[in-house]
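S.K.: One structure follows; several queries about it will come next.
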Amino acid sequence: MATIIDGKAIAAKLRGEIRAGVEELKARGITPGLAVVLVGDDPASRVYVSMKEKACAEAGIYSDEHKLPADTSEETLLTLIEQLNNDERIDGILVQLPLPEQIDESKILEAISPAKDVDGFHPYNVGRLATGSPLFQPCTPYGVMKMLEEIGCDLQGKEVVVVGRSNIVGKPVALMCLARHATVTLCHSRTRDLAEVVGRADVVIAAVGRPELIRGEWIKPGAVVIDVGVNRVGEKKLVGDVEFEAAGKRASAITPVPGGVGPMTITMLLFNTLESARRRAARG
Ligand code: NDP
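Residue numbers for the sequence shown follow our numbering, so the first one is 2 and each next one is one higher.
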């Protein structure tokens, strides 16, 4: 039976380190600041934003919340971003996605200063990651990397199979694994014989959004399995993209859903904000 990778415990440990880092900066007169921008009243987005604010408060990070109505124009949002880009108290700017349809998402993401882009979605930061000199790395995939590090999983020379090629998880996590010298295969909906490809992996990273698509019997004995997927089945139950019980009988380590990758995402947002504030401190 696989070791269960406890995302909550890893996140709690990291958050303790972040809190200590924030204290250290505060003692030098610098309070890390995160601006959180929410446009409209999508219930899921509201929940994410309040979780982020709560996490900032617990870490000692100043959070500056901007809640704008659903009919906000692109111009108004761009003006706010410009103000935040120039606001010295703000080290990170987070615009909660998705945005209402009258606003061009890529235009907004590109307006955020790359030096405050703690979500790592600006094309400049995507390019920095792709060329092997990252400035800010997107939070969910970065959290996956921290988990692998925490369990002592050295990726050098390993076969990593990533399932899912989104810009927010699949592609960046593949680049991060490549930077750690893994041999990486990136799968998607047109991949032929997914079972065979997954069966070769020393490390499987699933980010698909299809409940239990990855069958336990596909997993190579001893593989490490990281499940990013969060799928609601029925009223209350959440399951991942991997058939957890069956995969757990073959894997050496596996993340549960919930309680695996989930708690790492906001943790890495705090981590990136602290990192940005440290850069401000170094600039003097
Ligand atoms: P997207 O919907 O953007 O991407 C899904 C990817 O899966 C696509 O590349 C798609 O391929 C691929 N795919 C779909 N069906 C199949 C299939 N049958 N076989 C192989 N590949 C397939 O999803 P996200 O990356 O945004 O999210 C993935 C999951 O991770 C979701 O469950 C989401 O909720 C979760 N998530 C969790 C986070 C956390 O904090 N824990 C944060 C972000 C996401 P194609 O490109 O060909 O369409």
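Every residue gets a Cβ at the ideal spot worked out from N, C-alpha and C, and that includes glycine.
Run through the DSSP bridge pairs and tell me what ASP228 is partnered with.
M.R.: According to DSSP, ASP228 bridges with ALA207.
S.K.: Would you kindly work out how many angstroms separate the C-alpha atoms of VAL23 and GLY61, rounded to a whole number?
M.R.: Approximately 6 Å, taken between the alpha carbons.
S.K.: Taking the beta carbon of THR120 as the centre, do at least 16 other beta carbons fall within 10 Å, making it buried, or is it exposed?
M.R.: A small correction: the amino acid at residue 120 is Asp; Thr does not occupy that position in the sequence shown. Buried.
S.K.: Using only the heavy atoms of the ligand NDP, determine whether one of them is closer than 7 Å to the beta carbon of ARG368.
M.R.: With the chain covering only 2 through 285, there is no way to say anything about residue 368.
S.K.: Return yes when the C-beta of ILE169 is under 7 Å from any heavy atom of the ligand NDP, and no when it is not.
M.R.: ILE169: yes, Cβ under 7 Å from the ligand NDP.
S.K.: Taking 7 Å as the cut-off, is the C-beta of ARG191 nearer than that to any heavy atom in the ligand NDP?
M.R.: Checking every heavy atom of the ligand NDP against the Cβ of ARG191, one is found closer than 7 Å.
S.K.: State the Cα-Cα distance for the pair GLY8 and GLU151, rounded to the nearest angstrom.
M.R.: Straight-line Cα distance between these residues: approximately 10 Å.
S.K.: For GLU266, is the classification buried or exposed, using 16 other Cβ atoms within 10 angstroms of its Cβ as the cut-off for buried?
M.R.: First, the residue type needs correcting, since residue 266 is Thr and not Glu in the sequence shown. Classification for THR266: buried.
S.K.: Start and end of the beta strand (DSSP E) containing THR184?
M.R.: Counting along the chain, the beta strand (DSSP E) containing THR184 begins and ends at 184-188.
S.K.: Cutting at 8 Å between CB atoms, please list the residues of its own chain near LEU26, excluding the five before and the five after it.
M.R.: Counting only Cβ-Cβ distances below 8 Å, and skipping sequence neighbours, we find THR32, PRO33, LEU275, ALA278, ARG279 and ALA282.
S.K.: By how many angstroms is the C-alpha of VAL226 removed from the C-alpha of ALA252?
M.R.: In a straight line, the C-alpha of ALA252 is about 7 Å away from that of VAL226.
S.K.: What residues are listed by DSSP as bridge partners for ALA254?
M.R.: For ALA254, which the question treats as bridged, DSSP gives the partners THR4 and VAL225.
S.K.: Is ARG216 near the ligand ZN - that is, is its Cβ less than 7 Å away from at least one heavy atom of it?
M.R.: This structure simply doesn't include the ligand ZN; it includes the ligand NDP instead.
S.K.: Apply the 10 Å Cβ neighbour rule to GLN157 and answer buried if 16 or more other Cβ atoms are within range, or exposed otherwise.
M.R.: Label assigned to GLN157: exposed.
S.K.: What are the boundary residues of the alpha helix (DSSP H) that includes SER64?
M.R.: Careful: SER64 lies outside any alpha helix (DSSP H), inside the beta strand (DSSP E) at 63-69.
S.K.: In terms of alpha-carbon separation, which member of ALA36, ILE206, GLN97 and SER74 lies closest to VAL48?
M.R.: Residue GLN97 is the option with its Cα nearest to VAL48.
S.K.: Suppose the cutoff is 7 Å on Cβ atoms and the five residues either side in sequence are ignored; what does the same chain contact list for PRO124 look like?
M.R.: So the qualifying residues of the chain are GLU111.
S.K.: Are the Cβ atoms of ALA36 and ILE91 separated by less than 8 Å?
M.R.: The answer is yes: Cβ separation under 8 Å.
S.K.: Does the beta-carbon of GLN138 have 16 or more other beta-carbons within 10 angstroms, so that it is buried, or is it exposed?
M.R.: It counts as buried.
S.K.: Name the residue from ILE220, VAL262 and THR184 whose alpha carbon lies nearest to the alpha carbon of VAL170.
M.R.: For the residues ILE220, VAL262 and THR184, the minimum Cα distance to VAL170 belongs to VAL262.
S.K.: Any heavy atom of the ligand NDP within a distance shorter than 7 Å of the CB on THR266?
M.R.: Because some heavy atom of the ligand NDP lies under 7 Å away, the Cβ of THR266 counts as near it: yes.
S.K.: Could you give the C-beta distance for ALA45 and LEU271, rounded to a whole number, given that I count them as a contact under 8 Å?
M.R.: In fact, because the Cβ distance is near 20 Å, the residues do not count as touching under 8 Å.
S.K.: Have a look at TYR143 and ALA208 and give me their C-alpha separation to the nearest angstrom.
M.R.: So the two alpha carbons sit approximately 13 Å from each other.
S.K.: Residue ranges of each alpha helix (DSSP H) run of no fewer than 4 residues wholly in the stretch 141-190, ordered along the chain?
M.R.: DSSP runs (the alpha helix (DSSP H)) wholly in the stretch 141-190: 171-180.
S.K.: Spatial neighbours of VAL38 within its chain, please: C-beta separation below 6 Å, excluding the five flanking residues on both sides.
M.R.: Hits under 6 Å: HIS67 and VAL96.
S.K.: Work out the CA separation of ALA12 and PRO99 for me, nearest whole Å.
M.R.: Cα to Cα, PRO99 sits roughly 25 Å from ALA12.
S.K.: Between VAL40, TYR63, THR268 and GLY93, which lies nearest to GLU75 when the distance is taken from Cα to Cα?
M.R.: Considering only alpha carbons, the answer is VAL40.
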